[in-house]
Each structure stands twice: as C-alpha cells, then as structure tokens.
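Reading the sequence shown from the start, the letters are residues 35 to 321 in my numbering. The beta carbon of each residue, even a glycine, is placed where N, CA and C say it ideally should be. Structure record follows, encoded as structure tokens.
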Amino acid sequence: SPLRARGRTLGTLTFLYGGEDDGMADLRTLENLAGRAALAIDTTTLYAQRREHVRLLQHHLLPRALPEVPGLELSAAYEVGDTTLDVGGDFYDVVAAGGKVALFIGDVCGRGAEAAAFTALARHTLRTLLEDGTAPGPALSRLNRVLTDERASRFVTALVVVLTPAGDGWDAEIAAAGHPFPLLRRADGEVTEVAAHGLLLGVVPGASYEPVRVRLGEGDAVMMFTDGLIEARSADGTHFEEHLPAAVRELAGGDDPAVGIVAAASAFRDLGDDDTAVLIARVRGQR
Numbered sequence: 035s036p037l038r039a040r041g042r043t044l045g046t047l048t049f050l051y052g053g054e055d056d057g058m059a060d061l062r063t064l065e066n067l068a069g070r071a072a073l074a075i076d077t078t079t080l081y082a083q084r085r086e087h088v089r090l091l092q093h094h095l096l097p098r099a100l101p102e103v104p105g106l107e108l109s110a111a112y113e114v115g116d117t118t119l120d121v122g123g124d125f126y127d128v129v130a131a132g133g134k135v136a137l138f139i140g141d142v143c144g145r146g147a148e149a150a151a152f153t154a155l156a157r158h159t160l161r162t163l164l165e166d167g168t169a170p171g172p173a174l175s176r177l178n179r180v181l182t183d184e185r186a187s188r189f190v191t192a193l194v195v196v197l198t199p200a201g202d203g204w205d206a207e208i209a210a211a212g213h214p215f216p217l218l219r220r221a222d223g224e225v226t227e228v229a230a231h232g233l234l235l236g237v238v239p240g241a242s243y244e245p246v247r248v249r250l251g252e253g254d255a256v257m258m259f260t261d262g263l264i265e266a267r268s269a270d271g272t273h274f275e276e277h278l279p280a281a282v283r284e285l286a287g288g289d290d291p292a293v294g295i296v297a298a299a300s301a302f303r304d305l306g307d308d309d310t311a312v313l314i315a316r317v318r319g320q321r
C-alpha cells in the first residue's frame, strides 16, 4: 500500500498474510491504515524540520559567543519558555570597541516570524550604533526612529549599559526603553535596582532617553534580564521577582552566574511560558 500524504509519496507499507484464506476482504481498512500512517510520518517529519528551522533562526538572533574583555567576566543565558514552535523575541549582545564595552538586551512583543524580523532589526541596529561609539541614550533614540519610520506593528523594550574603564573600576552609563530595571550586586552581596526609565520603542516618534550613571568596583556586577525571568510563577501564583534579589545575591558571585539564575527561575516555574534571557557583567581585579 503506498504511503501518500499531502500530495507526496513517502514510501510503501507492506502487509504480510498467513493462513489458507486467499481473499483480502478488507482492503479498504488496510488502505485507511496506510493513509493514517503516511499522515503521521509526514507530520512528524514536518514538525522535526520546523523545529530545526526555528532552532537555527533563534541561534542567529543571538551572539555566537561573548567577547573576552580584560577586567570583566561576562555571562549570558537564554531559555525558551514557550512549548510551541515559534521564534521568541528576546535578544542580547555585547560590543567591545574603543576601549569601552556596551551590553544590551531587549524584547520584542510577541512570537513568530514577524517578531523575529523586528528582533533582528533591533539587535543589529543597536549593535551597529554602539560599535560606532553612540552613547546609550542616543542609540535608543535612533532605534526608536527606525522602528517608528518602519511603522512597526510590535513594540520593543531594550536596555543598554556602556562600561568605561575608570581607575580600578568601571563607570556604567545605563539607558532603558520600557525594559525591566537592571540589578546591581555589590561585592559585599548587597543587591539594588537601578531605576532607568524610558518609553517603549516603536511607539512615540521623537522619544528621548536619559541615562543613569553608576560606578562599579572590583567584585561588583550588573545584571540585565528580560521579563520572562521575573514573570515565572509558582503553582500558588508567586512571581520569581520576589525571589530574584536573593538569587542574585547567592549566584551572581559564582561561576557562570547567568546560567545559575535562569536555572533557578526554571526550577521555580510552574506557570508562565515567556522566553528568558539574562546578561551579567562582573568586575574582576586586573584589566
């Protein structure tokens, strides 16, 4: 019996009979069985192909590797939260140029092909601007202009941190566009929030973004993340946001802290299916 599904022939299904009966009285049942088998095989094949395509597209929306920067330890992690086969809108990157280090993270509303297109546009626009030395506030303003000129149908949130060497530490200039505030973990374990305000990108033409400045000393770390991290919920509805300062205090001083924090949120999560991205820069002794 031929295996045909969706206009394609996938192969054949052979039935073997035993016994004295020469008649094959129920050929229609066998043909129906072959048709169902063909549809199942074709669906499984298409599912696997689509999963691989989504994996490759998601891979190209994120950096291959973080740069090696003397005086800084960089850590990043990304976890897909949705069980569907749609590409998420989270992105991050690190640019080291002109003696400075620019880190950025963002989130495009929604999932799927359209979200992926705006994710690529936002990430590569920001990367190009920051490579050219554009400050965080003007970089977000330029990206906002690009998105509004494109009449973007989806809003984008983003956070940019530019680190400049200063004595035995780093000066951090931080600008945000509707994004969750970054966290600072000081060397002594104190965790504080940096209130960096700004309008969503792609909504209001001509929006401007004012930076916030902080100083990072040896052992200090700045952590950036997307809202999938804080929106993870336990079975009783508690958000991981309530546990995040303690997790940062415990994990941000260890090895590969971004992976540890994402794993902690994943273990906590019973509800919530948004993707999660975390990017951390920690100051170490020698530059």
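One or two residues paired with V180 in a DSSP bridge: According to DSSP, which records beta bridges pairwise, V180 is partnered with nothing at all.
Once DSSP output is grouped into helix, strand and coil, what is the label at D261? If DSSP states are grouped into helix, strand and coil, D261 belongs with the helices.
Judging by CA-CA distance, which residue of L235, D183, A209, D202 is the nearest neighbour of V195? Of the listed residues, the one whose Cα sits closest to V195 is A209.
Going by beta-carbon coordinates alone, are A71 and L50 separated by less than 8 Å? For the pair A71 and L50, the CB atoms are not nearer than the 8 Å cut-off.
Proximity to P170 [Cα-Cα], best of V142, E207, A241, T153: Check the Cα spacing between P170 and each of V142, E207, A241, T153: the tightest is with E207.
Closest by C-alpha distance to G262, when choosing among N178, V296, V317, V190: Minimum Cα distance to G262 is reached at V296.
Validate contact between the region 268 to 280 and the region 229 to 242 using beta carbons, cut 8 Å, 3 pairs: With the cut-off at 8 Å, the region 268 to 280 and the region 229 to 242 do not touch.
What does a CB cutoff of less than 8 Å around I264 pick up in its chain, not counting 5 residues either side in sequence? A distance below 8 Å between beta-carbons, with the five flanking residues on each side excluded, links I264 to the following residues of its chain, in chain order: P214, H273, F274, E275, L278.
Just checking G262 against the ligand MN - is the residue's beta carbon closer than 7 Å to any of the ligand's heavy atoms? Among the components modelled here there is no ligand, and therefore nothing to report on the ligand MN.
DSSP beta-bridge partners of I295: The partner list for I295 (beta bridge, DSSP) is empty, contrary to what the question assumes.
Assigned secondary structure, H158 (DSSP; H/G/I helix, E/B strand, else coil): In the three-state reduction of the DSSP assignment, H158 falls in the helix class, which pools H, G and I.
Three-state class that DSSP yields for V114 in the structure shown: V114 sits in coil when the DSSP states are folded into three classes, being neither helix nor strand.
Can you list, in chain order, the residues of its chain whose CB lies under 7 Å from that of K134, leaving out five sequence neighbours each side? Counting only Cβ-Cβ distances below 7 Å, and skipping sequence neighbours, we find V196, L197, T198.
Rounded to whole angstroms, what's the CA-CA distance from E284 to T78? Just pull it up for me. Using only the alpha carbons, I get a separation of about 43 Å.
Please state whether DSSP places D205 in a helix, a strand or coil. For D205, the three-state secondary structure derived from DSSP is strand.
Just to check my reading of the structure: F125 and L96 have Cβ atoms closer than 8 Å, yes? What is that Cβ distance to the nearest angstrom? Contact flag correct, Cβ pair sits at about 7 Å.
Buried or exposed: R321, going by 16 or more other Cβ atoms within 10 Å of its Cβ? Here R321 scores only 45 on pLDDT, less than 50, and its place in the model should not be relied on; the value that follows carries that caveat. Around the C-beta of R321, fewer than 16 other C-beta atoms lie within 10 Å, and the residue is accordingly described as exposed.
Between the region 241 to 250 and the region 285 to 294, are three or more C-beta pairs nearer than 8 Å? A contact between stretches requires three or more CB pairs, one per stretch, nearer than 8 Å, and the region 241 to 250 fails this requirement with the region 285 to 294.
For the beta strand (DSSP E) that R283 lies in, which residues bound it at each end? Membership of R283 in any beta strand (DSSP E) is not indicated; the residue belongs instead to the alpha helix (DSSP H) covering 278 to 285.
Nearest-angstrom Cβ-Cβ length linking A299 and T310, presumed shorter than 8 Å: Going by Cβ atoms, the distance from A299 to T310 rounds to 6 Å, so yes, they are a contact pair.
Just reading off the beta strand (DSSP E) that A311 is part of, what are its end residues? DSSP places A311 in the uninterrupted beta strand (DSSP E) bounded by 310 to 317.
P140 lies in the beta strand (DSSP E); which residues open and close that run? The residue you asked about is not Pro; residue 140 is Gly in the sequence shown. It spans 134 to 142 - the beta strand (DSSP E) in which G140 sits, taken as one unbroken run.
Figure out for me which residue from E224, Q83, G140, L44 has the closest Cα to the Cα of L234. Taking the Cα of L234 as reference, the smallest distance to any Cα among E224, Q83, G140, L44 is reached at G140.
Nearest-angstrom Cα separation, counted from D127 out to D222: Cα to Cα, D222 sits roughly 27 Å from D127.
Which residues bound the beta strand (DSSP E) around T168? Looking at the DSSP string, T168 is not in any beta strand (DSSP E), and its letter there is neither H nor E.
With DSSP collapsed to three states, give me the class of A241. Three-state result, A241: coil.
Check whether A315 and L177 have beta carbons under 8 Å apart: L177 sits away from A315, with the two beta carbons spaced by 8 Å or more.
Among the residues of its own chain, which have a CB less than 6 Å from the CB of D254, if the five just before and after it don't count? Same-chain partners within the cutoff: R220, A221, V317.
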